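In UniProt numbering, the protein residues as written are 1 to 143. What follows is a short report on a single structure.
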């Protein structure tokens, strides 16, 4: 199977833009297989596999959890028609073929404001808040 490796820079706030990029790649005949750290400092390594071009919706979910919760979490998405691709840095990557989508609400995992807000809150508290605390702790050192 033909593979393509791409290095890109996406921040944790760019999860929607990242999903759109995967959708565009799939439409060109490259489906996402794996996301991993790269040897480049700020870039992420994306591994794609050659496929038949089709319209596919990609979604990312940030949901750090215990291993005991993992099976039920993935089953919930599977029951809703989402294929789990991979995990990276507490983000889970999912896709769903457009032909399997019956309503506009199914194009996104979180199709309401409350769900999206809850995910953004998880990102901020798990990723941004520790950085802010570190910055505040080091501020007197560099003043």
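We put the CB at the ideal spot given by N, CA and C, even for glycine. Note that the coordinates shown come from a computational prediction; the quantities given were computed from them, not determined experimentally.
Query, Result
"Start-end ranges of the beta strand (DSSP E) lying completely within the segment 43-126, minimum 3 residues", "44-50, 56-62, 83-88 and 91-97"
"Span separating the alpha-carbon of residue 79 from that of residue 15", "23 Å"
"Cβ pair residue 84, residue 76 closer than 7 Å", "no"
"Residue 47 versus 56, 61, 123 and 8, residue with shortest Cα-Cα distance", "8"
"Residue interval of the beta strand (DSSP E) (run including residue 32)", "30-37"
"Opening and closing residue of the alpha helix (DSSP H) in which residue 1 lies", "From DSSP, residue 1 is part of no alpha helix (DSSP H); its letter is neither H nor E."
"Beta bridge counterpart(s) of residue 7 as assigned by DSSP", "45"
"C-beta contact flag for residue 49 and residue 31 at 7 Å", "yes"
"DSSP three-state assignment for residue 146, whether helix, strand or coil", "It is not possible to answer for residue 146, since the shown part of the chain is limited to 1 through 143."
"Exposure label - residue 26; buried when at least 16 CB within 10 Å", "buried"
"Rounded C-alpha distance that separates residue 55 from residue 81", "15 Å"
"Helix, strand or coil at residue 40 according to DSSP, with G and I counted as helix", "coil"
"Residue 99 versus 63, 57, 86 and 5, residue with shortest Cα-Cα distance", "57"
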